[in-house]
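Chemist: Sequence lines, in order, name chains A and B.
Per our numbering, residue 1 is the first one in the first sequence, and the count goes up by one each step.
Per our numbering, residue 115 is the first one in the second sequence, and the count goes up by one each step.
Below you'll find the structure I mean.
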Amino acid sequence: DIVMTQSPDSLAVSLGERATINCKSSQSVLYSSNNKNYLAWYQQKPGQPPKLLIYWASTRESGVPDRFSGSGSGTEFTLTISSLQAEDVAVYYCQQYYNTPPITFGGGTKVEIK
Amino acid sequence: EVQLLESGGGLVQPGGSLRLSCAASGFTFSSYAMSWVRQAPGKGLEWVSAISGSGDSTYDADVVKGRFTISRDNAKNTLYLQMNNLRADDTAVYYCAKPRVTITVITVFDHWGQGTLVTVSS
């Protein structure tokens with residue numbers, strides 16, 4: 001199974017500042033035949049189900065604000081919130097969907113306001 | 115509008131059984147593989163099971179193999195999870211999740227239900 005490791009576990013960022021979350025996979029999730037990284041990011045607010053933010057490592061889901069961006073390839077990925085807003089307080093998860101089951105998620109990163 | 119409504123959760127004793135349902139609407143249910151994902155209290159997300167659109171193929175996490183069975187009724191637009199021999203560590207909110215694209219079983223999820231809580235305790 002592909003193990004997803006996120007860091008940090010939590011971070012506190014001032015409003016308007018940048019938040020950066022990292023995700024490492026235990027093996028590459030880059031599919032050479034189509035050059036796509038099978039990596040997604042979700043946001044989960046308290047009491048709510050997860051919301052898809054980004055897939056293919058860097059493609060924003062429809063309706064997601066452009067302050068959210070994803071980058072990286074192979075085994076190392078980053079989710080960046082360019083200017084943190086109060087409504088961005090949440091837990092963020094990465095997920096790999098490379099090849100065969102199981103789908104696996106990172107442990108989550110809690111983002112709070114400093 | 116896509117809607118996923120889970121039901122069937124509750125309190126069950128260790129070793130007991132429970133069947134969860136997920137009523138889907140707002141999309142062509144039979145065209146999409148579907149998954150169950152769970153979240154233990156205060157913990158992260160864990161994929162549990164997936165089923166193809168036709169129901170012919172199923173996939174399970176090792177931790178539930180032989181105990182949980184995923185199924186679907188496309189005529190009723192409903193997804194199921196039969197859970198047997200439940201253990202305390204199965205306690206979680208169980209979400210049904212719809213993939214972003216048709217056909218593909220292992221993919222990303224663009225819609226999630228609100229979840230149903232399963233508590234395994236004596």
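Even glycine gets a Cβ: it sits at the ideal position worked out from N, Cα and C.
Owing to the predicted nature of the structure, the values given are computational and were not obtained by experimental measurement.
1. Which residues in chain B sit within 7 Å of T109 of chain A, going by Cβ to Cβ distance?
2. Using a Cβ-Cβ distance cut-off of 9 Å, determine whether Q117 of chain B contacts chain A.
3. In the DSSP assignment, find the unbroken beta strand (DSSP E) run with W161 of chain B in it and report its ends.
4. Against I103 of chain A, what residues of chain B qualify as contacts under a CB-to-CB distance less than 7 Å, listed in chain order?
5. Tell me, to the nearest whole angstrom, how far the beta carbon of R133 of chain B is from that of Y194 of chain B; I am working on the premise that it is less than 8 Å.
6. Can you list, in chain order, the residues of its chain with a C-beta nearer than 6 Å to that of S131 of chain B? Leave out the 5 residues immediately preceding and following it.
7. Any idea what DSSP makes of V207 of chain B, helix, strand or coil?
8. What residues from chain B crowd round E61 of chain A, counting only those whose CB sits closer than 7 Å?
9. Using alpha carbons as the reference points, say which of B:E160, B:V162, B:D176, B:S144 lies closest to D170 of chain B.
10. Measuring CA to CA, which of B:R186, B:V232, B:F223, B:R214 is closest to V207 of chain B?
11. Once DSSP output is grouped into helix, strand and coil, what is the label at D9 of chain A?
12. What residues of chain B sit near Q43 of chain A, judged by a beta carbon separation below 9 Å?
13. Kindly indicate the opening and closing residues of the beta strand (DSSP E) around V151 of chain B.
14. At the level of alpha carbons, what is the spacing between D224 of chain B and K114 of chain A?
15. Based on DSSP bridge pairs, tell me the residues matched to A86 of chain A.
16. Please determine, among A:F68, A:T78, A:T109, the residue with the shortest C-alpha to C-alpha distance to L39 of chain A.
17. Would you say Y31 of chain A reaches chain B, if we count a Cβ-Cβ gap shorter than 9 Å as a contact?
18. Using the C-alpha atoms, what's the distance from N37 of chain A back to A57 of chain A?
19. For K45 of chain A, is the classification buried or exposed, using 16 other Cβ atoms within 10 angstroms of its Cβ as the cut-off for buried?
20. Please state the DSSP three-state secondary structure of V177 of chain B.
Modeler: Considering the structure as presented:
1. Residue mapping note: residue 109 of chain A aligns to position 109 of the first sequence, counting from 1. What T109 of chain A touches in chain B: nothing, since even the nearest Cβ is about 10 Å away.
2. For this step, residue 117 of chain B is matched to residue 3 along the second sequence. Cβ-Cβ to chain A under 9 Å: no for Q117 of chain B.
3. In the second sequence, residue 161 of chain B corresponds to position 47, counting from 1. 159–165 is the extent of the beta strand (DSSP E) around W161 of chain B.
4. The residue labelled residue 103 of chain A in the question sits at position 103 within the first sequence. Ordered by position in chain B, the residues that pass the 7 Å Cβ test against I103 of chain A are W161, I220.
5. Within the second sequence, numbered from 1, the residue matching residue 133 of chain B stands at position 19. Within the second sequence, numbered from 1, the residue matching residue 194 of chain B stands at position 80. About 6 Å; that satisfies the 8 Å criterion.
6. Taking the first residue of the second sequence as 1, we reach residue 131 of chain B at position 17. These residues qualify, in order along the chain: N198.
7. Locating residue 207 of chain B in the second sequence gives position 93, where the first residue counts as 1. DSSP places V207 of chain B in strand when its eight states are reduced to three.
8. In the first sequence, the residue the question calls residue 61 of chain A occupies position 61. By Cβ distance, chain B contributes D224.
9. Here residue 170 of chain B is taken as the residue at index 56 of the second sequence, counted from 1. Residue B:S144 is the option with its Cα nearest to D170 of chain B.
10. The residue given as residue 207 of chain B occupies position 93 in the second sequence. Residue B:V232 is the option with its Cα nearest to V207 of chain B.
11. Within the first sequence, the letter at position 9 stands for residue 9 of chain A. Three-state result, D9 of chain A: coil.
12. As a first step, residue 43 of chain A is located in the first sequence; it is residue number 43 there, counting from the start. The contacting residues do not exist; Q43 of chain A stays about 12 Å from chain B at best.
13. Numbered from 1 along the second sequence, position 37 holds the residue referred to as residue 151 of chain B. Residues 148–153.
14. Within the second sequence, numbered from 1, the residue matching residue 224 of chain B stands at position 110. Within the first sequence, numbered from 1, the residue matching residue 114 of chain A stands at position 114. Using only the alpha carbons, I get a separation of about 30 Å.
15. Here residue 86 of chain A refers to the residue found at position 86 when the first sequence is read from its first residue. None; A86 of chain A has no bridge partner.
16. For the purposes of this step, residue 39 of chain A is taken as the residue at position 39 of the first sequence. The shortest C-alpha separation from L39 of chain A is found at A:T78.
17. The residue you call residue 31 of chain A lines up with position 31 of the first sequence. Cβ-Cβ to chain B under 9 Å: no for Y31 of chain A.
18. Numbered from 1 along the first sequence, position 57 holds the residue referred to as residue 57 of chain A. Numbered from 1 along the first sequence, position 37 holds the residue referred to as residue 37 of chain A. Computed Cα separation, rounded: 6 Å.
19. In the first sequence, residue 45 of chain A corresponds to position 45, counting from 1. Classification for K45 of chain A: exposed.
20. Start at 1 with the first residue of the second sequence, and residue 177 of chain B comes out as number 63. Helix.
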